[in-house]
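Per numbering that gives the first Met the number 0: the sequence shown = residues 0 to 65.
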Amino acid sequence: MAHDIVVFQHPFYWYSAPALLKEWQDLVLEYGFAYGAGRLAYQRDGINYFTIHELLAPFHQIARRS
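Have a look at this one:
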């Protein structure tokens, strides 16, 4: 059965998803489906929409809080 949308409902844990959800995402969301290679993929009109800098924002915030 195909769906148009998937909702991830979870607590906001250290600016990210809980570890088990993150592990599931890493295993299930495969290359080409959830992400792609190359600089062009990481821009507003690319497959990932967000830049590398924006995707790394949670890590920057954790470093600031440490």
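We put the beta carbon where it would ideally sit given N, CA and C, even for glycine.
- In the DSSP assignment, the residues bridged to TYR12 are SER15.
- Take GLN60, set aside five residues on each side of it, and the residues of its chain with a beta-carbon closer than 6 Å to its own are TYR14, in chain order.
- Distances from the alpha-carbon of LEU28 to those of ARG63, GLY45, PHE7 and ALA62 put PHE7 closest.
- Only residues of its own chain outside the window of five on either side were considered, and among them none has a CB closer than 8 Å to the CB of ASP44.
- One alpha carbon belongs to GLN24, the other to LEU39, and they sit about 22 Å apart.
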